[in-house]
Amino acid sequence: MLQETVDEIAARLGASATLEDRSFQLLAYAAQSGDIDTVRQESILRRRASDEVRAYFEGYGIASAPGRVRIPADAELGVLARVCVPLRHQEVTYGYLWLLDDGTLTEERLDSVAGPVARAATVLAQEARRRRDLGGHLRELLSPDAEERSWALSLLDLSGPVTAIAVRPGADRVVPLWTLPREVIADPGLPVHGEPLVALLAPAAQAWEVAVRVRAMYGTAAGVGDARAEPGQAWQSWREAVHALRVAGRVPRLGPVAAWADLGAYRMLTRLTPETLRELAAEAGELVADPELSRTVEDYLDHAGHVQEAAAALGVHRQTLYYRLGKAERLIGRDLSDGEDRLVVHLALKAARLL
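Each residue of the sequence shown is one higher than the one before, counting from 1 in the UniProt record's numbering.
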């Protein structure tokens, strides 16, 4: 339907036409006639505009514009002059129609395609509504209950591989999840242990990009599960994503977006209850209350007791490292040259991070 509409518009105007959703993901484009610019070429090849180009276009207020917006050429960005027609339905913008303008696109000519433009906006609005409906079934698909998952699968038209993403929502921040790529299903408030999390299910190939983007929207943290070949197994990926979220932002090397596959020892620790974690963290005694000492010991143990590597990572002299390690041993009554003591202290410090 969208492709036919774009072809019709391009034929009537004799202009190149491109249709994108609110996330600037390419949905349809007409056969090329006349010049082609770098932006249009990249959009067709990569199916999505670059962040720089998106910022340039959005700077003209296209997201809230009630009508057409004429955008001038920009040689540095490789942008030819064009007309942006926001595809709005009931005062909501669902996408954009882009028309390369060689100077012949008068207001009268643009008015002549008002019908097809309205039709395209309606189709996108219907698609957005369908996605909201699908999102309503996502929590059943991610449920540990087999019967609920079976029911959800019968209602959802999904294909694998898929990956689940868990994002901690930001306080008082409303995020337009419906602007994500059309293949992504989202539930903005799936409760997990009393905490509402943003749940997303994305094609495996797009999962990391989606996680980074949504995390940035909320300004919090995100966890990414492993991919599953079948949508019916997505609940397992969701469980991993929730565990990864517990670690995200708390371990510097992982950053605010953590993947289950990269958690290492935290894959075991995230399965423990908060009570068990507190018991384990208590094995480090007063060490956890001293940020400098606890980081020193953790880095030393992370480097398998290799003094030179640990000192380099910490940016201190080896003698300084020896001094701190001795101080830590006296503080907790543990011998860091003993394998069992090392293991206990190492796990205790990791557990403390999760708390």
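Glycine included, each C-beta is placed from N, C-alpha and C at the ideal position.
Owing to the predicted nature of the structure, the values given are computational and were not obtained by experimental measurement.
Bounds of any beta strand (DSSP E) do not take in residue 285, whose DSSP letter is neither H nor E.
Under DSSP, the beta-bridge partners assigned to residue 195 are 192.
For residue 218, the enclosing alpha helix (DSSP H) covers residues 207–218. Taking C-beta atoms under 8 Å as the contact rule, residue 97 and residue 87 qualify, at a distance of about 6 Å. For residue 82, the enclosing beta strand (DSSP E) covers residues 82–89. Pairing residue 181 with residue 25 gives a Cβ-Cβ distance under 7 Å. Within 10 angstroms of the beta-carbon of residue 193 lie fewer than 16 other beta-carbons, which makes it exposed. By the C-beta criterion, the region 231–249 is judged not to be in contact with the region 335–346, since fewer than 3 inter-stretch pairs fall below 8 Å. For residue 27, there is no enclosing alpha helix (DSSP H); the enclosing beta strand (DSSP E) covers residues 26–29. In terms of CA proximity to residue 103, 83 leads the group 95, 83, 164, 61.
In terms of Cβ geometry, residue 222 and residue 251 do not form a close pair [threshold 7 Å]. Collapsing the DSSP output to three states places residue 6 in a helix. Excluding five sequence positions before and after residue 124, the CB atoms of its chain that fall closer than 6 Å to its own CB belong to 87, 94, 95, given in chain order. Residue environment: residue 306 is assigned as exposed (fewer than 16 neighbouring CB atoms within 10 Å of its CB, all protein chains considered). Each of 136, 137, 85, 128 was checked against the Cα of residue 115, and the nearest Cα belongs to 85. Straight through space, the alpha carbons of residue 288 and residue 324 are spaced by roughly 14 Å. Distance from the Cα of residue 10 is smallest, within the candidate group 204, 260, 247, 117, for 117. Membership of residue 300 in the alpha helix (DSSP H) is indicated by the continuous run 291–302. The region 144–154 makes no contact with the region 191–207, as fewer than three CB pairs between them are under 8 Å. Annotation for residue 238: the continuous alpha helix (DSSP H) segment containing it runs 234–247. For residue 341, the three-state secondary structure derived from DSSP is helix. In the three-state DSSP reduction, residue 184 falls in the coil class, being neither helix nor strand. Residue state for residue 62 is assigned as coil, using DSSP reduced to three classes.
About 4 Å separates the Cβ atoms of residue 179 and residue 22, confirming a contact at the 8 Å cut-off.
Between residue 242 and residue 263, the C-beta spacing is not below 7 Å. For residue 98, the enclosing beta strand (DSSP E) stretches over residues 92–100.
In this structure, residue 229 keeps its C-beta atom at 7 Å or more from the C-beta atom of residue 284.
Residue 273 counts as exposed, since fewer than 16 other beta carbons sit within 10 angstroms of its beta carbon. The Cβ-Cβ distance between residue 142 and residue 166 does not fall below 7 Å. Judged by DSSP in its simplified three-state form, residue 230 adopts coil rather than helix or strand.
Within a 10 Å sphere around the beta-carbon of residue 187 sit 16 or more other beta-carbons, which makes this residue buried.
In the structure shown, residue 203 adopts extended strand secondary structure according to DSSP, grouped into three states.
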